[in-house]
Amino acid sequence: MERYYSFNTYLRKIFKERVHKISINAGFRCPNLDGTKSLTGCIFCNNDAFSQKYDKNLSQIENVRKQIFDTIQFFLSSKRFKNIKKFIAYFQSYSNTYADLESLKNVFDIVKEFPQIVGISVSTRPDCIDIEKLKLINSYSDRYLIWIEYGMQTSDDKLLKWLNRNHTYEDFVSAVELTKKFDKINIAAHLIIGLPQQDVIKDAKEVTKLGLNGVKLHNLHVLKNTLLEQLYYQNKVKILDIDEYVDAVCKFLEHIPNDVVILRLVSSAKKELLVAPQWMNNKNNLIKMLQEKLELLDSYQGKYCEKKFCFL
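No gaps in the numbering here: position 161 of the sequence shown is 475 in the numbering used here, and each next residue is one more.
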């Protein structure tokens, strides 16, 4: 029995087979790094920890094309993953709507060259979207499954300020409401679990109230060359151990509808850039512990949420 609505389950329901997400670094930038909002960025952010390599000797279009091609070829030639033949192009690194419309269209159009791609997912900040960009993203919905992933992180403005996000929770709400004008665009929120004095139930209730399609969970973690690393070594921030994190995730899941897709349960990062916690890169163990905890509690996603949808 699956006690939460995983992204894998969701995709199998639609495509009847396993689908892999291709992480793409399209070379976009971020207003929180280029001086528009800030020069230092979010205190936790080091895109090198999860981004594909961006080859400065290639153009932006050539980079995107190469990253998609290389990833698809790897899977098609792999004995272990030979059954994976469908992919979602995931524009992940930095803010993937932080550009003019022509540049965005040129990048997104690359996916049309690959018949194996069945979906497009765009990760961005809630203050980097407008109606014209949403119209562009929506224009791909006749051919592809479409997701847009907004960096909500928390519903607490004080914590957003602590994270140096340089946007408010209301900015996130406004982005969601604008995106809802396009019913073929699925909306997901990136949410950090483990922030100081965080109320995860309040965050869950906000997710429920907004009617989001999905949530991607991140554990607060420390990467090298970040402001959070300095705070960590100064003992000014506590990082959850795995048991604390599992407890917090269980609580969060219990308070969101069970038709909200869980795109991810925990962060990942390159080992050489991860400072803490070391447990997070053992994803299988985390999932096993979460499942066992939910079984022990006889609990499941949506247990304490009035809105219900049966997928179990």
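All residues carry an ideal CB built from backbone N, CA and C; glycine is no exception. Given the structure is predicted, the values throughout are model-derived calculations rather than measurements.
Considering only residues of the same chain and omitting the five flanking positions on each side of Leu415, which have a CB-CB separation below 8 Å? Glu446, Lys447 and Leu450
Which partner residues does Ser437 have in the DSSP bridge list? Glu463
Relative to the alpha-carbon of Ile643, which residue among Gln544, Pro440 and Lys565 has its alpha-carbon at the smallest distance? No answer is possible for residue 643: the residues shown for the chain start at 315 and end at 626.
Please identify the residue among Phe358, Lys351 and Val333 whose C-alpha is closest to the C-alpha of Gln544. Phe358
Of the residues Phe388, Ser417, Lys400 and Pro571, which one's Cα is nearest the Cα of Gln430? Lys400
Specify the secondary structure class of Ala340 as computed by DSSP and reduced to three states. coil
Is it true that the region 425–445 meets the region 455–468, where meeting means three or more beta-carbon pairs spaced less than 8 Å apart? yes
Out of Asn500, Gly349, Arg343 and Gln511, which one is the CA nearest neighbour of Asp551? The sequence given here has Val at residue 551, not Asp. Out of Asn500, Gly349, Arg343 and Gln511, Gln511 has the C-alpha closest to the C-alpha of Val551.
Starting from Tyr483, follow its DSSP beta bridges and name the residues at the other end. Answer is none; Tyr483 lacks a bridge partner.
Does the beta-carbon of Phe623 have 16 or more other beta-carbons within 10 angstroms, so that it is buried, or is it exposed? Reliability fails at Phe623, whose pLDDT of 49 lies under 50, so the model's placement of it is uncertain and the value that follows must be treated cautiously. That one is exposed.
Buried or exposed for Tyr618, going by 16 or more other Cβ atoms inside 10 Å? exposed
Please report the distance separating the alpha-carbon of Leu492 from that of Asn539. 35 Å
I need the straight-line Cα distance from Phe395 to Ser337, nearest angstrom please. 16 Å
Would a C-beta distance cut-off of 8 Å place Ile460 and Ile499 closer than the cut-off? yes
Would you please state the rounded distance, in angstroms, between the beta carbons of Tyr324 and Gln615? I believe it to be under 8 Å. With a Cβ gap of about 12 Å, Tyr324 and Gln615 do not count as contacting.
Does the CB of Glu427 have a neighbour CB from chain C at under 8 Å? Absence of chain C from the displayed structure is noted, only one protein chain being present.
In the structure shown, what three-state DSSP assignment does Asn500 receive? strand
Is Asn527 helix, strand or coil when you go by DSSP? coil
On the criterion of 16 or more Cβ atoms from any shown chain inside 10 Å, does Ser581 qualify as buried, or is it exposed? buried
Per-residue DSSP class, three states only, for Ile375: helix
What is the DSSP secondary structure of Asn533, reduced to helix, strand or coil? strand
Glu606: buried (16+ other C-beta within 10 angstroms of its C-beta) or exposed? exposed
Consult DSSP for Ile507 and reduce its assignment to one of helix, strand or coil. strand
Check whether the region 522–531 and the region 584–592 are in contact - that is, three or more C-beta pairs closer than 8 Å. no
Kindly indicate which residue of Asn420, His504, Phe405 and Leu534 has the alpha-carbon position closest to the one of Asn339. Phe405
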